[in-house]
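**Q**
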Amino acid sequence: MKAAARQPEQIGRREDVLRAVEAYESRLTRYALRLLGDVALAQDAVQHTFVQLCDEPPRQPDGLAAWLFTVCRNKAYDFLRRAQRDEALEGHPVGDLLTSREPDPAEAAASGDLQVWIRAQMTHLPVMQREALTLWSEGFAYREIAAITGRTEGNVRVVVHRALNTLRNLAPAEQAW
Amino acid sequence: MNQRLHTPNGDAPRDEEAAALLTAYALHQLGESEAAAVEARLQADPAAQAFVRDTRRLAEMVEEALVGEECPAVSTQLRKQLDEKLAAQENSPVASTARVSRSRWNIVASVAALVVTACLLVALMLPAVQSSREAARLVQARNDLRQLDSATSGQRGAPSEHYATDYVQYAEGDKLDLRSSRQVKLYNGQTAHPATSSSNLAPANEPYASEHREKNPARRFDVEAPKDYRDFDSGGGERDGNALSGGNEQYDEIIEHPFLGSRDYPLSTFSIDVDTASYANVRRFLTGGSLPPPSAVRVEELINYFTYDDPQPQGNSPFSVNMEVAECPWTPGHHLLRIGLQGREIAADKRPHSNLVFLLDVSGSMQAPNKLPLVKQAMGLLIRELTENDMVTIVTYAGSEGVALETTSGDRQAEILKAIDVLNAGGSTHGSAGIKLAYKMARQSFLKQGANRVILCTDGDFNVGVTSDQELVDLITHEAKSGVFLSVLGFGMGNLKDAKMEKLADHGNGMYGYIDTLREARKLLVEQMSGSLVTIAKDVKIQIEFNPAAVVAYRQIGYENRVLAAKDFDDDTKDAGEIGAGHSVTALYEVVLAGHENDARASEGPLKYQTRGAEPGRNTNPAEETTLTKAAASGELLTVKLRFKEPLGDRSELIEFPLKEEPKRFGAASENLRFASAVASFGMLLRGSEYRGGATMSAVSEIAGAALGSDPSGYRAEFVDLVRRAQQLGK
Chain A
52 MKAAARQPEQ
62 IGRREDVLRA
72 VEAYESRLTR
82 YALRLLGDVA
92 LAQDAVQHTF
102 VQLCDEPPRQ
112 PDGLAAWLFT
122 VCRNKAYDFL
132 RRAQRDEALE
142 GHPVGDLLTS
152 REPDPAEAAA
162 SGDLQVWIRA
172 QMTHLPVMQR
182 EALTLWSEGF
192 AYREIAAITG
202 RTEGNVRVVV
212 HRALNTLRNL
222 APAEQAW
Chain B
1109 MNQRLHTPNG
1119 DAPRDEEAAA
1129 LLTAYALHQL
1139 GESEAAAVEA
1149 RLQADPAAQA
1159 FVRDTRRLAE
1169 MVEEALVGEE
1179 CPAVSTQLRK
1189 QLDEKLAAQE
1199 NSPVASTARV
1209 SRSRWNIVAS
1219 VAALVVTACL
1229 LVALMLPAVQ
1239 SSREAARLVQ
1249 ARNDLRQLDS
1259 ATSGQRGAPS
1269 EHYATDYVQY
1279 AEGDKLDLRS
1289 SRQVKLYNGQ
1299 TAHPATSSSN
1309 LAPANEPYAS
1319 EHREKNPARR
1329 FDVEAPKDYR
1339 DFDSGGGERD
1349 GNALSGGNEQ
1359 YDEIIEHPFL
1369 GSRDYPLSTF
1379 SIDVDTASYA
1389 NVRRFLTGGS
1399 LPPPSAVRVE
1409 ELINYFTYDD
1419 PQPQGNSPFS
1429 VNMEVAECPW
1439 TPGHHLLRIG
1449 LQGREIAADK
1459 RPHSNLVFLL
1469 DVSGSMQAPN
1479 KLPLVKQAMG
1489 LLIRELTEND
1499 MVTIVTYAGS
1509 EGVALETTSG
1519 DRQAEILKAI
1529 DVLNAGGSTH
1539 GSAGIKLAYK
1549 MARQSFLKQG
1559 ANRVILCTDG
1569 DFNVGVTSDQ
1579 ELVDLITHEA
1589 KSGVFLSVLG
1599 FGMGNLKDAK
1609 MEKLADHGNG
1619 MYGYIDTLRE
1629 ARKLLVEQMS
1639 GSLVTIAKDV
1649 KIQIEFNPAA
1659 VVAYRQIGYE
1669 NRVLAAKDFD
1679 DDTKDAGEIG
1689 AGHSVTALYE
1699 VVLAGHENDA
1709 RASEGPLKYQ
1719 TRGAEPGRNT
1729 NPAEETTLTK
1739 AAASGELLTV
1749 KLRFKEPLGD
1759 RSELIEFPLK
1769 EEPKRFGAAS
1779 ENLRFASAVA
1789 SFGMLLRGSE
1799 YRGGATMSAV
1809 SEIAGAALGS
1819 DPSGYRAEFV
1829 DLVRRAQQLG
1839 K
């Protein structure tokens, strides 16, 4: 019967899930956090992702990373849409949600810590660019980013370029790229 | 820095595209041929070379900065939640093969900070997941089975088994579809295809006497559930019809009522339900751009979200009863029966004195803008309506419970609002302690002649103290004996424990509403304040006896978790739903009207339209078992019996209304019936119900649009808008 036939697969999957949690939890959280700017919401999105992995794992074992990021992204966007709707209805500014966490960019730049500066700048990028850059930094190829975000590769190409260009143009004058 | 001025990064789209190509090249994202083309160009373009070089440097910095960013601490909460999910499933009786001791988890949980341990634990728990997903359906079916067994116990062996077996099969997805649609066809076929139906009908009870009874029960779950619902949050993915939760949101699976023959099952008994949470929740999904999970759609709550302009009751009765029969819009040949209860309205200034204890969840999970901040706004709205006749107490709970506002007169608004204003979310959720404290406060200020109510505002995520549904239900059941009513207001998303909150409200003699917007808060707390706060009758039970001479078969739409055993109707110790001032409750049945049927089966209680024959055995000739009474020839379709108690009473009153009415054409039916039918249809479509018949979202929209009535608050118009959204999402 089917139940019996499933047994070996399940054992394999159990280990897979364990590995996935270890390998991806923090990366996914970081990604969701960049999208949402709120730790609790980001963790909610990640939690949802792993619950989904238990419930309805991807059909192909390849591309687990892309699958996890896709599920996580969808959940995060649910939250974002929700937050935007709340803003429209009741005036909770989404902006607060996204910027409150990061140090002031000017301050960070003045402190000379380039990494801090870049991270701070990230929060000012449009969510699309922020997301594309984050996924790229997580090691996804344009093709994969396109699949995760539901865009075309050409679109990803432009979005990543814009993101880098924005950072380039905003950089303090003494910083030459 | 100045190099960038020489690089092709101008505003014109074509320039940007060219620059984006260079960036892609710099990041090694191009295929061979494109890369070769770019390299050829670079040879002759020093500015572009510089751009590529700079981009690589910049990209390197960005990558370092992004990957190097410290992650938030690994969440022990995640592991805990996963564990809870698994433990809940693993605790179910059918999943015993994959059981992991819960006590073992409790020990481990105390050191859950040790991530490695937690990881291992997750691994241990996982085998339960697969089997228990399927098992969860069986659990639900078995619960219903138990309920139905008690409904039919002692009376007859065969019929209860039949019904029960049917019910279990009802949970089986594909196989079930086959079966139930066969039943429907059977009744249809009675008139339309006599040749086929006669053989089916030969042993009169065959539709219920399932051949599956003989089968090995284990085989039932060979069948994959139908995958006909788009995953509501993972884009193109599919969603099992039997998945019980959306993300971390938890919903109990709903198993729709089947068609029942009124010879065999003349009595339909249920508790009323004035909850409306499901509608607001469905609206949240649709306006958020996704279809709700089927189990989040409780059709009766959608229908009861709306007010229907039924007449006010006459005399002393707490409600009027209104019935109507008209053609069923989604299945030709069937009819719809609407039973509407309209509760007596009490003007705001006639409202009895009230003793309100707000029990607010201020745990960490309530931080989101649509949770505690919305709770505070919602309370603000209600507080402004209160007077010196009201008393307000605020109890909060997070890691520990506390009194945020001692009992205060309702006219000292500034004081109350200030206490609300300073509330902040943080910490874990010790719900049970808060519940105990809130009831204690309510008892201390108990008004004998007034409305005493605890208003719980939460996302339902109780993770400390008593956390299991059953224990919480027991706690609430115990506390409710004090005469204090409970309102449960659900807030937030992503973590919503829908099933738990509904159960709490049911057992606490109360209502459950879901507040997603300030507008919904206004509807529940201000517009319907007297209804939400003042109960005019409790333990309201409805029992319909169908006249088999007039109604061949019936199917109740919705109310799946409100079924009562027939014998519980007269049992005053059995809890049922409450009705508030001005509330209306609508029940719909899809019925098959016909002449005479040759099957018969006994049922509960003394029957008006037939007398019970000898205790029917499984294989006796059904024709000998029962005979119709004289009343069956009366032309009455059915009799509605209602039982209810005064808000503080212990003994129920019984009222009966026979229905003798020529069915109307659908177009000639009241706006009430037509609108309710549209909402029911909408719910069945969202549920992917096999009984949706020929319904479509556009038909729903058309019917509802033509039955808006006066719609003073615009709720019906909003419904039509939601239907359109659902239509677009469904494409």
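The listed protein sequences derive, respectively, from chains A and B.
Under my numbering, the first residue of the first sequence carries the number 52, and numbering increases by one thereafter.
Under my numbering, the first residue of the second sequence carries the number 1109, and numbering increases by one thereafter.
Glycine is no exception: its CB is placed at the ideal position from the N, C-alpha and C atoms.
On the three-state DSSP scale, how would you describe B/Asn1617?
**A** It is coil, neither helix nor strand.
**Q** Just the Cα atoms here: how many angstroms apart are B/Gly1802 and B/Gly1139?
**A** Their backbone Cα atoms lie some 51 Å apart in a straight line.
**Q** Counting beta carbon pairs with one atom in the segment 206-218 of chain A and one in the segment 1132-1149 of chain B, are three or more of them shorter than 8 Å?
**A** Because the criterion of three Cβ pairs below 8 Å is met, the segment 1132-1149 of chain B and the segment 206-218 of chain A touch.
**Q** What is the rounded straight-line gap between the Cα of B/Ala1684 and the Cα of B/Glu1514?
**A** So the alpha carbons of these two residues sit roughly 32 Å apart.
**Q** List, in order along the chain, the chain B residues whose C-beta lies closer than 7 Å to that of A/Gln166?
**A** In chain order: Glu1172, Ala1173 and Gly1176.
**Q** At a CB-CB cut-off below 7 Å, which residues of chain B make contact with A/Thr185?
**A** Ordered by position in chain B, the residues that pass the 7 Å Cβ test against A/Thr185 are Leu1174.
**Q** Using only the alpha-carbon positions, how far apart do A/Glu107 and A/Leu119 sit?
**A** One C-alpha to the other measures close to 12 Å.
**Q** Which same chain residues, not among the five before or five after B/Tyr1413, have their C-beta less than 6 Å away from its C-beta?
**A** Taken in chain order, the residues that qualify are Thr1384 and Tyr1387.
**Q** Exposed or buried, which one is B/Gly1510 when buried takes at least 16 other CB atoms within 10 Å?
**A** Result: exposed.
**Q** Measuring only between beta-carbons, confirm whether B/Ser1240 sits less than 8 Å from chain A.
**A** Low confidence applies to B/Ser1240: its pLDDT is 41, below 50, so where it sits in the model is not reliable enough to give any reading.
**Q** Starting from A/His175, find everything on chain B with Cβ-Cβ shorter than 9 Å and list it in chain order.
**A** Those do not exist, as A/His175 stays about 14 Å from chain B at its closest Cβ, beyond 9 Å.
**Q** Less than 8 Å between the CB atoms is what I'm expecting for A/Thr80 and A/Gln103, so what's the real figure, rounded?
**A** In fact, because the Cβ distance is near 15 Å, the residues do not count as touching under 8 Å.
**Q** In chain A, what lies closer than 8 Å to B/Glu1142 by C-beta?
**A** Those within 8 Å of B/Glu1142 in chain A number zero; the least Cβ separation is about 10 Å.
**Q** By a C-beta neighbour count over all protein chains shown, 10 Å radius and 16 as the cutoff for buried, is B/Leu1583 buried or exposed?
**A** Buried is the call here.
**Q** Leaving aside the five residues before and after A/Arg181 along the sequence, list all residues of the same chain whose C-beta is less than 6 Å from its C-beta, in chain order.
**A** Excluding positions up to five away in sequence, the list reads Arg85 and Met173.
**Q** Kindly indicate the opening and closing residues of the beta strand (DSSP E) around A/Val178.
**A** No beta strand (DSSP E) contains A/Val178, which is instead part of the alpha helix (DSSP H) from Val178 to Ser188.
**Q** Please specify which runs of the alpha helix (DSSP H), each continuous and at least 4 residues long, are wholly inside the segment 1365-1408 of chain B, giving them in chain order.
**A** Within the segment 1365-1408 of chain B, the complete alpha helix (DSSP H) runs of at least 4 residues are 1385-1395.
**Q** Strictly under 8 Å for the Cβ-Cβ distance: is B/Pro1477 near chain A by that measure?
**A** Judged by the 8 Å Cβ criterion, B/Pro1477 is in contact with chain A.
**Q** Which residue from A/Asp129, A/Asn216, A/Val97 and A/Ala183 puts its Cα closest to that of A/Arg202?
**A** Taking only the C-alpha atoms, the option nearest A/Arg202 is A/Ala183.
**Q** Run the CB neighbour count on B/Asp1457, radius 10 Å, all protein chains shown included, and call it buried at 16 or more, exposed below.
**A** That one is exposed.
**Q** Looking at B/Pro1771: is its Cβ nearer than 8 Å to the Cβ of B/Glu1357?
**A** Not in contact: B/Pro1771 and B/Glu1357 (Cβ atoms no closer than 8 Å).
**Q** According to a CB-to-CB cut-off of less than 8 Å, which residues of the segment 1396-1412 of chain B neighbour chain A?
**A** Residues Gly1396, Gly1397 and Ser1398.
**Q** Taking the beta carbon of B/His1615 as the centre, do at least 16 other beta carbons fall within 10 Å, making it buried, or is it exposed?
**A** Under this definition B/His1615 is a buried residue.
**Q** Please confirm whether B/Gln1137 has its beta-carbon closer than 8 Å to some beta-carbon of chain A.
**A** Yes, B/Gln1137 counts as interfacial toward chain A.
**Q** Inspect the beta-carbon positions of B/Ala1533 and B/Val1470 and report whether they are closer than 8 Å.
**A** Yes, the Cβ-Cβ distance between B/Ala1533 and B/Val1470 is below 8 Å.
**Q** In chain order, what residues of the same chain have a beta carbon less than 7 Å from the beta carbon of B/Ala1476, not counting five sequence neighbours either side?
**A** Excluding sequence neighbours, B/Ala1476 sits near Gly1600.
**Q** Go through its chain and collect everything with a Cβ distance to A/Ile196's Cβ below 7 Å, but skip five positions before and after it.
**A** Ala183, Leu186, Trp187 and Val207, listed in sequence order.
**Q** Taking Cβ to Cβ, would you say B/Glu1653 is nearer than 8 Å to B/Tyr1697?
**A** In this structure, B/Tyr1697 does not lie closer than 8 Å to B/Glu1653 by Cβ.
**Q** Given 7 Å as the limit, tell me if B/Leu1129 has its C-beta closer than that to any heavy atom belonging to the ligand SAH.
**A** The ligand SAH is absent from the structure shown, which contains no ligand whatsoever.
**Q** Tell me which same chain residues have a C-beta within less than 7 Å of the C-beta of B/Ala1657, skipping the five on either side of it?
**A** Counting only Cβ-Cβ distances below 7 Å, and skipping sequence neighbours, we find His1704, Tyr1717, Leu1736, Ala1740 and Ala1741.
**Q** Can you tell me whether B/Ile1763 is buried or exposed, with buried defined as 16 or more other CB within 10 angstroms of its CB?
**A** B/Ile1763 should be labelled exposed.
**Q** For a cutoff of 8 Å on Cβ pairs, would you count A/Ala198 as touching chain B?
**A** By this cut-off, A/Ala198 is not an interface position.
**Q** Run the CB neighbour count on B/Ser1711, radius 10 Å, all protein chains shown included, and call it buried at 16 or more, exposed below.
**A** Below a pLDDT of 50, predicted positions are generally treated as unreliable, and B/Ser1711, at 33, falls in that range; the measurement from the model is reported next regardless. Flag for B/Ser1711 reads buried.
**Q** So, is A/Gly63 buried or exposed, given that buried needs 16 or more other C-beta atoms within 10 angstroms?
**A** For A/Gly63, the predicted structure reports a pLDDT of 44, less than 50, and the residue's modelled location is therefore unreliable. A value from the coordinates is still provided. With fewer than 16 other Cβ atoms within 10 Å, it is exposed.
**Q** Strictly below 8 Å CB to CB, what residues from chain B border A/Val209?
**A** Those are Glu1124, Glu1125 and Ala1128, listed as they occur along chain B.
**Q** If you draw a straight line from the C-alpha of A/Gly114 to the C-alpha of A/Cys105, how long is it?
**A** Approximately 16 Å, taken between the alpha carbons.
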